[in-house]
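Participant: I have a structure I would like to understand better, so I am pasting it below and will then ask my questions one at a time.
Protein chains: 2
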Amino acid sequence: MYRSHNCGELNSSHINTEVTLAGWVQKSRDKGFMNWVDLRDRYGITQLIFDESRSEKSVFEKAKTLGREFVIQVKGMVIEREAKNKNIPTGEIEILVTEMTILNEAITPPFTIEDETDGGEDIRMKYRYLDIRRNPVKNSLLFRHKVAMEVRKYLSDLDFCEVETPYLIKSTPEGARDFVVPSRMNEGQFYALPQSPQTFKQLLMVGGMDKYFQIVKCFRDEDLRADRQPEFTQIDCEMAFVDQEDILNIFEGLTRHLLLEIKGIEVDKFPRITYDYAIKTYGNDKPDIRFDMKFGELNEVAQHKEFPVFNAAELVVGIAAPNCATYTRKEIDALIDWVKRPQVGASGMVYVKCEADGSYKSSVDKFYDQEDLAKWAKATNAKAGDMIFVLSGPADKTRSALSALRMELATRLGLRNPAVFAPLWVVDFPLLEFDEESGRYHAMHHPFTSPKPEDMALLETDPGKVRANAYDMVLNGNEIGGGSIRIHDKKTQELMFKYLGFTEEEARNQFGFLMDAFQYGAPPHGGLAFGLDRLVAILGGQETIRDFIAFPKNNSGRDVMIDAPSAIDEKQLNELHIKLK
Amino acid sequence: MYRSHNCGELNSSHINTEVTLAGWVQKSRDKGFMNWVDLRDRYGITQLIFDESRSEKSVFEKAKTLGREFVIQVKGMVIEREAKNKNIPTGEIEILVTEMTILNEAITPPFTIEDETDGGEDIRMKYRYLDIRRNPVKNSLLFRHKVAMEVRKYLSDLDFCEVETPYLIKSTPEGARDFVVPSRMNEGQFYALPQSPQTFKQLLMVGGMDKYFQIVKCFRDEDLRADRQPEFTQIDCEMAFVDQEDILNIFEGLTRHLLLEIKGIEVDKFPRITYDYAIKTYGNDKPDIRFDMKFGELNEVAQHKEFPVFNAAELVVGIAAPNCATYTRKEIDALIDWVKRPQVGASGMVYVKCEADGSYKSSVDKFYDQEDLAKWAKATNAKAGDMIFVLSGPADKTRSALSALRMELATRLGLRNPAVFAPLWVVDFPLLEFDEESGRYHAMHHPFTSPKPEDMALLETDPGKVRANAYDMVLNGNEIGGGSIRIHDKKTQELMFKYLGFTEEEARNQFGFLMDAFQYGAPPHGGLAFGLDRLVAILGGQETIRDFIAFPKNNSGRDVMIDAPSAIDEKQLNELHIKLK
Chain Y
1 MYRSHNCGEL
11 NSSHINTEVT
21 LAGWVQKSRD
31 KGFMNWVDLR
41 DRYGITQLIF
51 DESRSEKSVF
61 EKAKTLGREF
71 VIQVKGMVIE
81 REAKNKNIPT
91 GEIEILVTEM
101 TILNEAITPP
111 FTIEDETDGG
121 EDIRMKYRYL
131 DIRRNPVKNS
141 LLFRHKVAME
151 VRKYLSDLDF
161 CEVETPYLIK
171 STPEGARDFV
181 VPSRMNEGQF
191 YALPQSPQTF
201 KQLLMVGGMD
211 KYFQIVKCFR
221 DEDLRADRQP
231 EFTQIDCEMA
241 FVDQEDILNI
251 FEGLTRHLLL
261 EIKGIEVDKF
271 PRITYDYAIK
281 TYGNDKPDIR
291 FDMKFGELNE
301 VAQHKEFPVF
311 NAAELVVGIA
321 APNCATYTRK
331 EIDALIDWVK
341 RPQVGASGMV
351 YVKCEADGSY
361 KSSVDKFYDQ
371 EDLAKWAKAT
381 NAKAGDMIFV
391 LSGPADKTRS
401 ALSALRMELA
411 TRLGLRNPAV
421 FAPLWVVDFP
431 LLEFDEESGR
441 YHAMHHPFTS
451 PKPEDMALLE
461 TDPGKVRANA
471 YDMVLNGNEI
481 GGGSIRIHDK
491 KTQELMFKYL
501 GFTEEEARNQ
511 FGFLMDAFQY
521 GAPPHGGLAF
531 GLDRLVAILG
541 GQETIRDFIA
551 FPKNNSGRDV
561 MIDAPSAIDE
571 KQLNELHIKL
581 K
Chain P
1001 MYRSHNCGEL
1011 NSSHINTEVT
1021 LAGWVQKSRD
1031 KGFMNWVDLR
1041 DRYGITQLIF
1051 DESRSEKSVF
1061 EKAKTLGREF
1071 VIQVKGMVIE
1081 REAKNKNIPT
1091 GEIEILVTEM
1101 TILNEAITPP
1111 FTIEDETDGG
1121 EDIRMKYRYL
1131 DIRRNPVKNS
1141 LLFRHKVAME
1151 VRKYLSDLDF
1161 CEVETPYLIK
1171 STPEGARDFV
1181 VPSRMNEGQF
1191 YALPQSPQTF
1201 KQLLMVGGMD
1211 KYFQIVKCFR
1221 DEDLRADRQP
1231 EFTQIDCEMA
1241 FVDQEDILNI
1251 FEGLTRHLLL
1261 EIKGIEVDKF
1271 PRITYDYAIK
1281 TYGNDKPDIR
1291 FDMKFGELNE
1301 VAQHKEFPVF
1311 NAAELVVGIA
1321 APNCATYTRK
1331 EIDALIDWVK
1341 RPQVGASGMV
1351 YVKCEADGSY
1361 KSSVDKFYDQ
1371 EDLAKWAKAT
1381 NAKAGDMIFV
1391 LSGPADKTRS
1401 ALSALRMELA
1411 TRLGLRNPAV
1421 FAPLWVVDFP
1431 LLEFDEESGR
1441 YHAMHHPFTS
1451 PKPEDMALLE
1461 TDPGKVRANA
1471 YDMVLNGNEI
1481 GGGSIRIHDK
1491 KTQELMFKYL
1501 GFTEEEARNQ
1511 FGFLMDAFQY
1521 GAPPHGGLAF
1531 GLDRLVAILG
1541 GQETIRDFIA
1551 FPKNNSGRDV
1561 MIDAPSAIDE
1571 KQLNELHIKL
1581 K
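From first to last, the protein sequence lines stand for chains Y and P.
The opening residue of the first sequence carries number 1 in our numbering; numbering runs sequentially from there.
The opening residue of the second sequence carries number 1001 in our numbering; numbering runs sequentially from there.
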């Protein structure tokens, strides 16, 4: 045992106890006759004191040689501190050191090991093992563990069984984003790393394991957006003999449990809105409902005058920005420029100030009178002092631009408080979405999602209108989980593959084992998967997932610390029966 | 909700309750006017009754169409069973069915869904989702979950933090057994799948995360012996500021906790023996100590006569097989043939019967008198009624052959009772072992293992004699865990790489990040890893790990259910910048 206590637990109740501590030198202050050292470990910081008059000479002298991040072990007496520090739990005491061993020296780290470090992202990633010494990263990892344990306990207590599904699975021709693994023993053949354990969890349902979960790594070889990782972790869940209502209740329960246990926050029953409602009301399918600013559709009250821009538009739609009537012309112009950026894509923006006296002042006063504008205010739920912003154009594009503006305004107005949690369910997703590029329909979730029985007939006539028994859990503007009731009979699954443009042979080749399984008595089943990285980050009040992953990869999929991926030698390639192109 | 109860929970306390159940038809017995169906789900079996006089006609008729493994939902009344079945928890009741829905039909399964199935290994693997419906497999998976949860709870309660380390890591030229993953975004470069998270857990220690664990998949692309898998699961653990004693105590505590919680068995403090003692006493480093039969070395008491075989041997060594003096000549000859098989490799075997009257009868009576044989009996701890078997030859080979015989005899004598658990620690492993093929020393555990400080000097003079701070936990003749105190300073690590024959450049290229990390204040640390698959199998009283893995691969590394690995198409190869050789 290198220590009797850790650096976070000693307080005035330990005074006059002899203790042994071990840790890193956070900093030292040499006053000549007196030398203070802050000793740090995972649990906190404890102040050490080396005193010319009270410490042995050799120990006192050695203390002067300590550099930042040296690893030391000290023995000493807990004494009361003269200048107490109320900001840390150990602030009442210090250790008068009698013995010291330098366990390891340290060269100067490339950035400061402080909460606010001077190190940029790149250098922190290269020396991630030093970055992890910093509280923000260390605490994020501890927090992640806590969340994962709570998930496991909650689901285990409900009789869910965690089953490990394989990582070396089958590559499918559709799996353009599969990472593949050449097989040495099976020449010319490849495994794939799973993008999700989807088919395995369905097979577990066929196998009678009626409540399954797994916290599991998944892999996707795609061009990485800012906050994506090629390997990511899911809380993957599936149940048999359930309908959608059961799934929503169970996993709403899990999320509510996490919010209570981890954050101490009680939330009401989650609102449920349909996909269509979400799109019409918030312009996207993962609305942030911590704040209001619902869309008001204005076609009826804006297309009766001589304003050609609105009259030509498929959709005229506005939102009321609370208390923004005081925006200056300059601020408004800046916002108009913002929505006209290519990433947002609006061609212009109309605004209406809702004055305190109940009158309106708009950029289209030439076309619309006070009565018209009052109707707009009603439709957007604007109050005196608010500012209405109106966009127009093709419906999809316009909604999506207004959604971006809504989020931007909320950010500027401080309405996206990370300490507030507003979860909801979005249900009734479309089964299919039309892909312009390939000119055919794709599964919006995946090809195993069950259409709503009442919409089955539409598959032939109006496929885009078919709704699925599919649902997403949304938290603070992020999709944190999603799933569906699955198809569980071979006939419907075959039909589904047909509509998705699979030939019989392709379907057989890729999913034959699943179709086979469905013949042997598959129960009704469904499930969902949470993205753990994102869930943990949001619960932790952060926007970015990277600090909640111990060793993340950068945007090129590289681990800059270990320098991976890297070249492998000819001999190894030969054994794998492949060569470089 | 498809059910109000499951098929394992109803008993006489539920009589006259209306219930809804869902599950699979295990079997049905049609007596004409009466039809019994055993309904099965994950939790048990409940008997359904369809009665011509009490059930509605349509329900009664439909019940006659049910085939094995049909999935049905029934509503009915819990009634007392006339012929009670004391063997199952639901044996007091049955359900008089009033409504029935066939949720899914089933074709006849390729093997019976019974504890003792008629299906062989191959067919069970191909239809693993049906195999999982069988109790032995289902219960093994539930058992595995229970063990994993207990491990997590125990370690979490001790402040261990589970940290997920990456799966896409760096391939090393030494990593001939690495599975590799071509990178699409980094042309000509490859990730490797980890054989263990060794370096990452050490970096976490450098990062101050002083108690780490992870239940994690590891990968090894090697020719598979009977009971190995290309992907396997480890309970991977590491601690900082500890010495060997701390590690042994913590993980002995974990194992003792598992035995108590899972098996209800209290075990004493684990015996600790050295590697040298294990080899001399049991002929191998993972002795099964559920039974005795320790080796007795006989050189001193067997090389003084005119028996040339023994006199020429490096080692003469015997064991006493308890109560085997009654073996017939035929049985003895069969055993001699057994040890002469190439897998065991003995060239012959001498035996001594310890008669009830205290006299001895041996196959070498020509050379040795009663006094000699009494000394052999003393050395092997043989009692009257035992049989001593003696092998001779080169020390290593002879020990290993006698070890095989010891295990074989124990099996035949029923001494390997799977309900008995005899854990122990084997410590002081050699640091290095000589590899005949390459003509140099290799690390016995891995190159990060710390030599015992007092043996450091031997590295130059007699490397094979250097002992490591390395230890294995052994349970019932299986190594279930192993680990070591690690090197934590750059200088020793560099020295170690040198002795292992790495050039400076090779060491830098492969482990540069670790050597760098050691410069920034690495704490003393060590750890171990348990093989979860094996641990669970042994705790479950089984010899084979396969039924404790949901979807195992066969000896060629194939998943015969999903037919992986498989060919991938040209387009995908192109995107990965590789081609087949």
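All residues carry an ideal CB built from backbone N, CA and C; glycine is no exception.
Inspect the CB distances between the region 1538 to 1550 of chain P and the region 1218 to 1235 of chain P and report whether three or more fall short of 8 Å.
Facilitator: yes
Participant: In this structure, how does DSSP classify P:Asp1038 when only helix, strand and coil are distinguished?
Facilitator: strand
Participant: If you run the structure through DSSP and keep just helix, strand and coil, what is Y:Ile480?
Facilitator: strand
Participant: Identify the continuous beta strand (DSSP E) that holds P:Asp1472 and give its terminal residues.
Facilitator: Ala1470 to Leu1475
Participant: Cβ closer than 8 Å: which chain P residues qualify as neighbours of Y:Phe209?
Facilitator: Reading off the sequence, residue 209 of chain Y comes out as Met, not Phe. Per Cβ cutoff of 8 Å: Arg1042, Ile1132, Lys1138 and Leu1141.
Participant: Expressed to the nearest angstrom, what Euclidean distance is found between the alpha-carbon atoms of Y:Phe251 and Y:Ala468?
Facilitator: 19 Å
Participant: Alpha carbon to alpha carbon, what distance is there between Y:Ile578 and Y:Glu187?
Facilitator: 9 Å
Participant: Going by DSSP in three states, Y:Leu260 sits in which element: helix, strand or coil?
Facilitator: If DSSP states are grouped into helix, strand and coil, Y:Leu260 belongs with the helices.
Participant: Check each residue of the region 457 to 486 of chain Y: if its Cβ is closer than 7 Å to any Cβ of chain P, include it; give the result in chain order.
Facilitator: none
Participant: What are the boundary residues of the beta strand (DSSP E) that P:Gln1234 is part of?
Facilitator: Glu1231 to Ala1240
Participant: Hey, does P:Gln1189 have any beta-carbon neighbour from chain Y nearer than 8 Å?
Facilitator: yes
Participant: Residues of chain P with CB closer than 8 Å to the CB of Y:Ala537, please, in chain order.
Facilitator: Those do not exist, as Y:Ala537 stays about 14 Å from chain P at its closest Cβ, beyond 8 Å.
Participant: Let's test the definition: count the other Cβ atoms within 10 Å of the Cβ of P:Asn1476 and tell me whether it reaches 16, buried, or not, exposed.
Facilitator: buried
Participant: Just verifying my parser: in three-state terms, what is the DSSP assignment at P:Lys1361?
Facilitator: strand
Participant: Using a cut-off of 9 Å between C-beta atoms, extract the partners of P:Ile1247 located in chain Y.
Facilitator: Neighbours of P:Ile1247 on chain Y: none; closest Cβ ~11 Å, over 9 Å.
Participant: Tell me the residue span of the alpha helix (DSSP H) that contains P:Leu1048.
Facilitator: Here P:Leu1048 belongs to no alpha helix (DSSP H); instead the beta strand (DSSP E) covers Gly1044 to Asp1051.
Participant: Take P:Arg1126 as the anchor and find which of P:Asp1569, P:Ser1566 and P:Pro1552 has the nearest alpha-carbon.
Facilitator: The amino acid at residue 1126 of chain P is misidentified as Arg; the sequence shows Lys. Of the candidates P:Asp1569, P:Ser1566 and P:Pro1552, the one whose C-alpha sits nearest the C-alpha of P:Lys1126 is P:Pro1552.
Participant: Chain P beta carbons: is any one of them nearer than 8 Å to that of Y:Pro453?
Facilitator: For Y:Pro453, no CB of chain P lies under 8 Å from its own CB, so it is not counted at the interface with that chain.
Participant: Anyone know if the C-beta pair for P:Cys1161 and P:Met1209 falls short of 8 Å?
Facilitator: Note that the C-beta distance between P:Cys1161 and P:Met1209 is below 8 Å.
Participant: Taking C-beta pairs closer than 7 Å, name the residues in chain Y that P:Gly1521 reaches, listed in chain order.
Facilitator: Trp24, Glu69, Phe70, Val71, Asn104 and Ala106
Participant: Determine, for Y:Pro135, whether the minimum Cβ-Cβ distance to residues of chain P falls below 8 Å.
Facilitator: The residue asked about is misnamed: residue 135 of chain Y is Asn in this sequence, not Pro. Cβ-Cβ to chain P under 8 Å: no for Y:Asn135.
Participant: Among residues of its own chain, excluding the 5 on either side of Y:Ser156, which ones have a beta-carbon nearer than 8 Å to its beta-carbon?
Facilitator: Glu162
Participant: Who are Y:Ile273's beta bridge partners in DSSP?
Facilitator: Y:Val426
Participant: From the DSSP secondary-structure annotation, give me the bridge partner or partners of Y:Lys27.
Facilitator: Residue pairing by DSSP places Y:Lys27 opposite Y:Asp38 in a beta bridge.
Participant: Tell me the DSSP secondary structure of P:Ile1485 in three-state form.
Facilitator: strand
Participant: Output yes or no for whether 8 Å exceeds the beta carbon distance between Y:Phe270 and Y:Gly283.
Facilitator: no
Participant: Can you pull the DSSP bridge partners for Y:Cys354?
Facilitator: Y:Tyr360
Participant: Does the CB of Y:Val350 have a neighbour CB from chain P at under 8 Å?
Facilitator: no
Participant: Checking the sheet assignment: what are the DSSP bridge partners for Y:Thr20?
Facilitator: Y:Lys75
Participant: If you drop the 5 nearest sequence neighbours on each side, which residues of the same chain put their C-beta closer than 7 Å to that of P:Leu1248?
Facilitator: Trp1425 and Tyr1471
Participant: For my contact list, P:Val1267 and P:Glu1297 are in at a C-beta cut-off of 8 Å; report their separation, rounded to the angstrom.
Facilitator: Actually they are not in contact, since the Cβ atoms of P:Val1267 and P:Glu1297 sit about 30 Å apart, beyond 8 Å.
Participant: Look at Y:Asp159 and Y:Lys75 and say whether their C-beta atoms are less than 8 Å apart.
Facilitator: no
Participant: Just to confirm the assignment, what range does the alpha helix (DSSP H) spanning P:Val1181 have?
Facilitator: Careful: P:Val1181 lies outside any alpha helix (DSSP H), inside the beta strand (DSSP E) at Val1180 to Pro1182.
Participant: Any contact between the region 115 to 129 of chain Y and the region 35 to 45 of chain Y? By contact I mean 3 or more CB pairs, one from each, below 8 Å.
Facilitator: no
Participant: My output table needs one value for P:Leu1168: the three-state DSSP class, helix, strand or coil.
Facilitator: Coil, per DSSP.
Participant: Go ahead and pull the three-state DSSP assignment for Y:Asp122.
Facilitator: Under the three-state reduction of DSSP, Y:Asp122 is assigned to helix.
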